[in-house]
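There are 2 protein chains.
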Amino acid sequence: MRALMISEPGGLETLSIAATTPPRPGRCQVLIRVEFAGLNFTDVLARRGAPGYADGWPFVPGMEVAGIVEAIGEEVDGLRVGERAVAFTYNGGGLAEYAIADAVLTCSIPDELDSAQAATIPLTWATAIGLVRRSHIGDGGTALVTSATGGVGQALASLLARHGVTRVVAASRAGKTAVAGTVPIVRDDRLTARAIEANEGQRFDAVFESIGGDTLASTLDALAPGGVLISYGAAAGQPDPEPPRYRTLRGQNVAISGFSILAMARTEPAAVRDLISSVIRLTAKGLVIPDPHQVSWSGLIASHLDQSEGVLRGKTVLAVKAHAS
Amino acid sequence: MRALMISEPGGLETLSIAATTPPRPGRCQVLIRVEFAGLNFTDVLARRGAPGYADGWPFVPGMEVAGIVEAIGEEVDGLRVGERAVAFTYNGGGLAEYAIADAVLTCSIPDELDSAQAATIPLTWATAIGLVRRSHIGDGGTALVTSATGGVGQALASLLARHGVTRVVAASRAGKTAVAGTVPIVRDDRLTARAIEANEGQRFDAVFESIGGDTLASTLDALAPGGVLISYGAAAGQPDPEPPRYRTLRGQNVAISGFSILAMARTEPAAVRDLISSVIRLTAKGLVIPDPHQVSWSGLIASHLDQSEGVLRGKTVLAVKAHAS
Numbered sequence: 035m036r037a038l039m040i041s042e043p044g045g046l047e048t049l050s051i052a053a054t055t056p057p058r059p060g061r062c063q064v065l066i067r068v069e070f071a072g073l074n075f076t077d078v079l080a081r082r083g084a085p086g087y088a089d090g091w092p093f094v095p096g097m098e099v100a101g102i103v104e105a106i107g108e109e110v111d112g113l114r115v116g117e118r119a120v121a122f123t124y125n126g127g128g129l130a131e132y133a134i135a136d137a138v139l140t141c142s143i144p145d146e147l148d149s150a151q152a153a154t155i156p157l158t159w160a161t162a163i164g165l166v167r168r169s170h171i172g173d174g175g176t177a178l179v180t181s182a183t184g185g186v187g188q189a190l191a192s193l194l195a196r197h198g199v200t201r202v203v204a205a206s207r208a209g210k211t212a213v214a215g216t217v218p219i220v221r222d223d224r225l226t227a228r229a230i231e232a233n234e235g236q237r238f239d240a241v242f243e244s245i246g247g248d249t250l251a252s253t254l255d256a257l258a259p260g261g262v263l264i265s266y267g268a269a270a271g272q273p274d275p276e277p278p279r280y281r282t283l284r285g286q287n288v289a290i291s292g293f294s295i296l297a298m299a300r301t302e303p304a305a306v307r308d309l310i311s312s313v314i315r316l317t318a319k320g321l322v323i324p325d326p327h328q329v330s331w332s333g334l335i336a337s338h339l340d341q342s343e344g345v346l347r348g349k350t351v352l353a354v355k356a357h358a359s
Numbered sequence: 035m036r037a038l039m040i041s042e043p044g045g046l047e048t049l050s051i052a053a054t055t056p057p058r059p060g061r062c063q064v065l066i067r068v069e070f071a072g073l074n075f076t077d078v079l080a081r082r083g084a085p086g087y088a089d090g091w092p093f094v095p096g097m098e099v100a101g102i103v104e105a106i107g108e109e110v111d112g113l114r115v116g117e118r119a120v121a122f123t124y125n126g127g128g129l130a131e132y133a134i135a136d137a138v139l140t141c142s143i144p145d146e147l148d149s150a151q152a153a154t155i156p157l158t159w160a161t162a163i164g165l166v167r168r169s170h171i172g173d174g175g176t177a178l179v180t181s182a183t184g185g186v187g188q189a190l191a192s193l194l195a196r197h198g199v200t201r202v203v204a205a206s207r208a209g210k211t212a213v214a215g216t217v218p219i220v221r222d223d224r225l226t227a228r229a230i231e232a233n234e235g236q237r238f239d240a241v242f243e244s245i246g247g248d249t250l251a252s253t254l255d256a257l258a259p260g261g262v263l264i265s266y267g268a269a270a271g272q273p274d275p276e277p278p279r280y281r282t283l284r285g286q287n288v289a290i291s292g293f294s295i296l297a298m299a300r301t302e303p304a305a306v307r308d309l310i311s312s313v314i315r316l317t318a319k320g321l322v323i324p325d326p327h328q329v330s331w332s333g334l335i336a337s338h339l340d341q342s343e344g345v346l347r348g349k350t351v352l353a354v355k356a357h358a359s
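Chains as they are written, first to last, in the numbering used here: chain V, 35 to 359; chain U, 35 to 359.
Okay, structure coming up:
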């Protein structure tokens, strides 16, 4: 089968579309014939050798897939061969023609849901709904999303708007956003001041932060009393800043939180399954998941590069059976 | 009028029951003829000269009172002379026969509510309900309270039990607790292990921490994924520990939060008023506020000493008109 293969930690020269043997499902696992696989920044982190992403080399990246259940391992209930399913393949392997997934992280796709859209649920949309829940933001709250152009950022902004949040300020390098109803601002070294200005001079009930480094350090000041800053990534590649002292948290009545769906999948997979199921249920209640941009095998490495450079806008999936583009 | 007076930052020798002139209410303030005034650890911090508690010397401590509205300043709506009211006197002055309060932090007492009980609402019970809300703990959650013998700790444990929390593990030096339905444990250097053991081997959705220092540092490990540790005091007088790194928060999917009703009163008094009102409303719905222990003027300094030493159990109020005990 074809798969995107990373030979060893390094640059783009380590990437190739390789022919390899399809894996076989073990106990509590399923084999999925992949139709669509989401591209994510975690693929880039794996290729760069960041700790906790690749469990060995060569490594096939790809953490979210939609396709057909091809085979079922022992002790798997509730899934049958031939049905469509999405899976969070948190050990990678998704950017391939066949992928192994834990059954607990595999959910059936309802007939009404398109497979390409569904492929963006297990990591991207599940992360977004997990972030909204973690923030406990409610009706009338205000939120700042510091990186609103990527897949998670756009999903997050959409869910927040749907959640009754009064104002979502969405930052990006270009100051543009694809999500209706959000207030776009430019992300530069004046981000916090720009964000507060865009929020009519008010600080925020929730800040969703995935850039890290200086951005993470500065947006702490964007929190209103009672607010929470959730760090869920460090895309800039800078070291984390010093966290605020407990005294500061008390004096400002604020909280800082960390969110990693990858860590969650390893320690409490049932909680991640619940996030995936929740998104699927929301699609039956009117949540519209945008059609992702599709790339074929021939465009995959270029898209991975765009992801790496932070210029991949919106959500992109590999269409396994697409004709060469 | 009589008042507990602290002449300057220092030890018990700085305390006296002094005769002084009753204050006059300014704009947006009321004068309250105090019937009962709560004793709190903030009185001790003020006397020790901790920053942010006393705004000048000599200083009259006391942050929560119940009594009769004696006079009303300009621009005060919704309160009338002669009615019973509670107030959060966050600039101190409560342990006196008359106290000035901001009108926004003064709430009428319903007929059904006893003044001695009501005197424990503005700081103690308002803090407790603020902590419960900040934690976002819900039905079926589990909570650890690291200091369950003081006024806030007992109020917190009661509210958590009322809130549908499955298990409240309540730590104290002696390993006893006055709150029905909680699981008492001893607070020593094995606190976190004891707490998890008392919670059937599970970590907690919320940890409420007011001891600080080593206790604050160690109880971070008591958090379950998705859990929050709220620091709301540092009674041990130790420096705050280093907060966890953002990487740790992400990897463990946990949050740390700070809560200070004093800071909240200064920056968002309407939010504190809402907490006070919420507790008053809950008493009409069956919340039972325990009768506080009452001391007279002659016992006040001894009780302040007990508070300072951490041996004042439960909630104590000054009964202004009590006969000498």
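For each residue, glycine too, the CB sits at the ideal point set by N, CA and C.
Using 8 angstroms for Cβ pairs, my map puts residue i next to residue j. What's the rounded Cβ distance?
i             : j             : result
residue 323/U : residue 151/U : 4 angstroms
residue 55/V  : residue 326/V : About 28 angstroms separates the two Cβ atoms, so there is no contact after all.
residue 295/U : residue 164/U : 6 angstroms
residue 292/V : residue 288/U : 7 angstroms
residue 142/V : residue 119/V : 5 angstroms
Is there a C-beta anywhere in chain U that falls below 8 angstroms from the one on residue i?
i             : result
residue 378/V : Outside the modelled stretch of chain V, which goes from 35 to 359, sits residue 378/V, for which no answer is possible.
residue 143/V : no
residue 96/V  : no
residue 247/V : no
residue 284/V : yes
residue 87/V  : no
residue 297/V : yes
residue 197/V : no
residue 259/V : yes
residue 132/V : no
residue 265/V : yes
residue 287/V : yes
residue 311/V : no
residue 294/V : yes
If you follow the alpha helix (DSSP H) that residue i is part of, which residue opens it and which one closes it?
i             : result
residue 303/V : 303 to 318
residue 293/V : Careful: residue 293/V lies outside any alpha helix (DSSP H) and carries neither H nor E.
residue 121/V : Element bounds for residue 121/V: not the alpha helix (DSSP H) but the beta strand (DSSP E), 118 to 122.
Check whether chain V comes within 8 angstroms of residue i, counting only Cβ atoms and requiring the distance to be less than that.
i             : result
residue 301/U : yes
residue 291/U : yes
residue 185/U : no
residue 359/U : The predicted position of residue 359/U is uncertain, since its pLDDT is 42 and thus under 50; no value can be drawn from it.
residue 125/U : no
residue 338/U : no
residue 281/U : yes
residue 274/U : yes
residue 64/U  : no
residue 327/U : no
residue 250/U : yes
residue 181/U : no
Taking the beta strand (DSSP E) that residue i belongs to, which residues open and close that run?
i             : result
residue 260/U : 257 to 265
residue 103/V : 98 to 106
residue 72/V  : 63 to 72
residue 179/V : 176 to 179
residue 352/V : 350 to 353
residue 41/V  : No beta strand (DSSP E) contains residue 41/V, which DSSP labels as neither H nor E.
residue 165/V : Taken as a continuous stretch (DSSP letters only), residue 165/V belongs to no beta strand (DSSP E), being part of the alpha helix (DSSP H) at 160 to 169.
residue 81/V  : That residue, residue 81/V, is in no beta strand (DSSP E); its alpha helix (DSSP H) goes 75 to 81.
residue 338/U : No beta strand (DSSP E) holds residue 338/U; the alpha helix (DSSP H) holding it covers 331 to 343.
residue 182/V : That residue, residue 182/V, is in no beta strand (DSSP E); it is neither H nor E in DSSP.
Identify the contact partners of residue i in chain A, using a Cβ-Cβ distance below 8 angstroms as the criterion.
i             : result
residue 308/U : Given the protein chain composition of this structure (V and U), no chain A is represented.
Thinking C-alpha only, which one of the options is nearest residue i?
i             : options                    : result
residue 188/V : 72/V, 345/V, 200/V, 204/V  : 204/V
residue 241/V : 35/V, 201/V, 319/V         : 201/V
residue 243/V : 74/V, 197/V, 162/V, 296/V  : 162/V
residue 36/V  : 351/V, 331/V, 198/V        : 331/V
residue 216/U : 224/U, 233/U, 304/U, 147/U : 233/U
residue 348/V : 268/V, 190/V, 125/V, 131/V : 190/V
residue 254/V : 179/V, 337/V, 193/V        : 179/V
residue 224/U : 206/U, 214/U, 239/U        : 206/U
residue 91/V  : 42/V, 298/V, 312/V, 285/V  : 42/V
residue 159/U : 181/U, 136/U, 39/U, 193/U  : 193/U
Length-filtered (3 minimum) beta strand (DSSP E) runs lying within the segment 206 to 280 of chain V: Positions of the beta strand (DSSP E) runs, each at least 3 residues long and wholly inside the segment 206 to 280 of chain V, are given as 217 to 220, 238 to 243, 257 to 265 in order along the chain.
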